[in-house]
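S.K.: I'd like to ask some things about the structure below.
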Amino acid sequence: MPPVPVIAVVDDDPAIREAMDDLIMSFGYQCRLFASAEQFLDAQQQADIDCIVVDVKMPGLSGIELQSELNRRGEHAPMIFVTSYVDDRTRNAALSGGALAFLRKPVNIGKLMGCLESVLGPQP
-16 MPPVPVIAVV DDDPAIREAM DDLIMSFGYQ CRLFASAEQF LDAQQQADID CIVVDVKMPG
44 LSGIELQSEL NRRGEHAPMI FVTSYVDDRT RNAALSGGAL AFLRKPVNIG KLMGCLESVL
104 GPQP
């Protein structure tokens, strides 16, 4: 049996992190939670991450800055951005940086599931 894909959730809001954790696990994936981009960058298990769901606006490094840093390091796990603040400039920056999707909060469950399955495959 192949290993279960691991999704990192990077969001400064603990309620969002917990809700995403429950949702992603209900899809059959594993989940790791990070309260900031810095915490994610400091984590030792980055190589185990198959996809990243990240907030755009956070204290410290933003989701866009996290994407830039990961691109600089040559680490290209698929990224799905989620945000309450949608503007074309930020959306275009995320997508041109290689983001898989740019979703508005509250996240449409079907869209998130579709994004995850498109890159990781459905889970039993």
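For the sequence shown, the numbering used here assigns the number -16 to the initial residue and increments by one for each residue that follows. Ideal Cβ placement from N, Cα and C applies to all residues, glycine included.
Looking at Leu24: is its Cβ nearer than 9 Å to the Cβ of Met3?
M.R.: No, the pair does not count as a contact, with Cβ atoms beyond the cut-off.
S.K.: Can you tell which of Val37, Gln13, Cys14 has its C-alpha closest to the C-alpha of Lys88?
M.R.: With distances taken between Cα atoms, Lys88 lies closest to Val37.
S.K.: Is Cys34 near Leu78, with beta carbons less than 9 Å apart?
M.R.: Cβ atoms of Cys34 and Leu78: not closer than 9 Å.
S.K.: Across which residues does DSSP place Ala84 in a beta bridge pair?
M.R.: DSSP output for Ala84 lists Ile63 as bridge partner(s).
S.K.: Rounded to whole angstroms, how far is the Cβ of His12 from the Cβ of Pro(-12), which I believe are closer than 8 Å?
M.R.: In the sequence under discussion, the amino acid at residue 12 is Tyr, which differs from the His named in the question. At roughly 5 Å, the Cβ-Cβ gap stays under 8 Å, so Tyr12 and Pro(-12) are in contact.
S.K.: Report buried or exposed for Ala69, applying the criterion of at least 16 other Cβ atoms within 10 angstroms of its Cβ.
M.R.: This sequence places Val at residue 69; Ala is not what is there. Val69 is exposed by the Cβ-count criterion.
S.K.: Return yes when the Cβ of Ala20 is within less than 9 Å of the Cβ of Val(-7), no when it is not.
M.R.: Yes, the pair counts as a contact, with Cβ atoms nearer than the cut-off.
S.K.: Measure the C-alpha to C-alpha separation of Gly104 and Arg56 and round it to an integer number of angstroms.
M.R.: Approximately 26 Å, taken between the alpha carbons.
S.K.: What is the C-beta distance between Met41 and Asp5, in whole angstroms, given that I count them as a contact (C-beta under 8 Å)?
M.R.: With a Cβ gap of about 21 Å, Met41 and Asp5 do not count as contacting.
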